[in-house]
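Working notes, structure below.
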Amino acid sequence: MDRRWLRDEALYAEITAKLRRRGEGYVAEGSAWHRARALDAEQRRLKAELDQLRAKRNQVSKEIGRKKAQGEDASAAIAEMKQVAAEIKRLEQTLREAEEAFEAALLEIPNPPLDAVPDGASEDDNREIRRWGDPR
């Protein structure tokens with residue numbers, strides 16, 4: 002599935018309308034479709050936060066190296082580095098869990114039907130156009 006379907010409002014509305022044709026359960030609040038959108042947003046937020054923390058970690062590492070080279074006390078910077086590292090580890094785990102939940106939600110989302118496909122939740126809602134051979 003293209004993540005643009007979840008991020009772009011017009012595409013999201015279009016796919017939601019197509020999924021609704023398969024049944025309200027596919028687009029109801031709490032459905033895999035809505036969970037996937039929320040989890041995608043959560044993943045993007047976590048990635049941005051991780052990028053900021055990694056940049057801070059790099060900055061603090063340079064500061065520690067500079068202080069040690071000048072013979073200054075770097076214990077405060079080292080303590081800050083440990084806190085940043087712990088936060089990065091926690092966020093990476095949270096991101097992995099969000100990615101797993103996103104992948105699980107994707108498996109529950111059906112393919113959006115083509116416009117030519119009749120509305121309905123199962124094959125019983127299809128209409129027979131022609132028959133070839135003898136039914137078994």
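In the working numbering, each number is its position in the sequence shown, counted from 1, plus 1. Just so you know, even glycine gets a beta-carbon here, dropped at the ideal spot from N, CA and C. In this text the structure is predicted, and so the values were computed from the model without any measurement.
Asked                                                                                                   : Found
Assigned exposure category for V61 - 16 Cβ within 10 Å defines buried                                   : buried
Complete runs of the beta strand (DSSP E) confined to the region 34-109 [at least 3 residues]           : none
L12 - DSSP class collapsed to helix/strand/coil                                                         : helix
Exposure of D41, with buried meaning 16 or more beta-carbon neighbours within 10 Å                      : buried
Cβ-based burial, L115 [other Cβ within 10 Å; buried from 16]                                            : exposed
For A26, three-class secondary structure by DSSP                                                        : For the record, residue 26 in the displayed sequence is Gly; it is not Ala. Three-state DSSP puts G26 in a helix.
Rounded separation between I65 and Q84 - CA only                                                        : 14 Å
CB of R131 within 8 Å of CB of P119, strictly                                                           : no
Classification of P136 by the beta-carbon crowding that lies within 10 angstroms, buried from 16 upward : exposed
Exposed unless 16 or more other CB atoms sit within 10 angstroms - verdict on P113                      : buried
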